[in-house]
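Undergrad: Every position in the sequence shown, counted from 1, becomes a number in my numbering once 15 is added.
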Amino acid sequence: MTTDVGPDRTGPPTPAEMRAAMGIFASGVTVVTGMDDEGPVGFACQSFASVSLEPALVLFCADHRGRAWPRIRATGRFCVNVLSEAQRDLCDRFGSSRGTRFEDLDWHLSPWGTPSLPEVMLRVHAEVEGVHLAGDHDVVVGRVQGLEQADFQRPMIYYRSTFGVDFDTRGTTDPDATPAALLHWGDGVRWG
């Protein structure tokens with residue numbers, strides 16, 4: 016069966032249209048952390064990818080308006096902590112501008128000088144290789160310095176402003192049609 020995917024209207028999309036459309040692409044969820052003279056800092060990030068195997072490069076995108084990214088950028092190094100589906104609490108901590116981040120959290124400083132979060136699936140330790148301006152975000156390329164992997168866990172997936180992919184077959188995110196465990200998150204939150 017072929018579905019015609021055509022434009023909803025002509026002209027560039029509005030920010031709301033862009034958010035809704037890009038939400039169709041499921042992504043993992045990470046927390047990018049760093050350490051400066053003020054202490055540990057971090058933010059939830061869903062725009063993370065591998066770029067190159069040789070040399071080992073990764074990328075993430077961070078909002079210019081965020082408070083954490085400028086501090087991490089100034090240090091020149093970061094850690095990407097890849098979350099499992101059981102780590103909603105970490106995502107909530109680092110995804111909200113109102114919440115606590117490191118307070119009462121059992122984290123440790125890595126050999127690379129960045130905060131490592133507890134029980135994550137993967138830690139990617141990197142140095143900033145380049146930063147590229149892209150609209151209201153920076154595209155950050157990092158040269159990988161080290162990797163730490165845990166045993167296999169189910170990943171946290173972000174899809175259509177919802178965690179997980181167990182949704183009504185019509186693709187709706189209506190609260191009455193979506194399992195109660197899959198709550199909306201991220202509307203109005205700046206990633207970075």
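Every residue, glycine too, gets a C-beta built ideally from N, C-alpha and C. Here the structure is a predicted model, which is why all the values come from computation and not from measurement.
Run through the DSSP bridge pairs and tell me what Asp51 is partnered with.
TA: Gly54
Undergrad: Applying the 10 Å Cβ sphere with the 16-neighbour rule, what's the burial state of Asp51?
TA: exposed
Undergrad: Excluding the five sequence neighbours on either side, which residues of its own chain have a C-beta within less than 7 Å of the C-beta of His79, listed in chain order?
TA: Excluding sequence neighbours, His79 sits near Asp151, His152 and Asp153.
Undergrad: Find the nearest neighbour of Pro55 within the set Pro170, Arg138, Phe117 and Pro85, judged by alpha-carbon distance.
TA: Phe117
Undergrad: In this structure, what does DSSP give as the bridge partners for Asp153?
TA: Ala77 and Leu148
Undergrad: What span of residues does the beta strand (DSSP E) with Ile215 cover, start to end?
TA: Because the chain spans 16 through 207 in this model, residue 215 falls outside it and cannot be assessed.
Undergrad: Quick one: is Pro27 buried, meaning 16 or more other Cβ sit within 10 Å of its Cβ, or exposed?
TA: exposed
Undergrad: What number of angstroms, rounded off, separates the C-alpha of Gly179 from the C-alpha of Ile172?
TA: 5 Å
Undergrad: Tell me whether the stretch 90-104 and the stretch 120-135 touch, counting them as touching only if at least three CB pairs, one residue from each stretch, are closer than 8 Å.
TA: At 8 Å Cβ cutoff, the stretches touch.
Undergrad: Considering Cα atoms alone, identify which of Pro30, Gln61 and Arg113 is closest to Leu74.
TA: Closest by alpha carbon: Gln61.
Undergrad: Phe167: buried (16+ other C-beta within 10 angstroms of its C-beta) or exposed?
TA: exposed
Undergrad: Quickly, what does DSSP pair Glu163 with across the bridge? List them, please.
TA: Arg138
Undergrad: Nearest-angstrom Cα distance between Gly81 and Val159?
TA: Approximately 23 Å between the Cα atoms of the pair.
Undergrad: DSSP three-state call for Arg116: helix, strand or coil?
TA: coil
Undergrad: Quick test of your reading: Arg88 and Val143, contact by CB under 8 Å. State the CB separation rounded to the nearest angstrom.
TA: About 7 Å; that satisfies the 8 Å criterion.
Undergrad: Count the other CB atoms within 10 Å of the CB of His123; is the residue buried (16 or more) or exposed (fewer)?
TA: exposed
Undergrad: Might you give, ordered along the chain, the residues of its own chain that have their beta carbon closer than 7 Å to the beta carbon of Arg169, omitting 5 neighbours on each side?
TA: Ser99 and Glu100
Undergrad: Please list, in chain order, all residues of the same chain as Ala59 whose beta carbon is under 7 Å from its beta carbon, the five residues on each side excluded.
TA: Val44, Val46, Cys106, Phe109, Gly110 and Trp206
Undergrad: On the DSSP letters alone, give me the boundaries of the beta strand (DSSP E) that Arg92 sits inside.
TA: Arg92 to Val97
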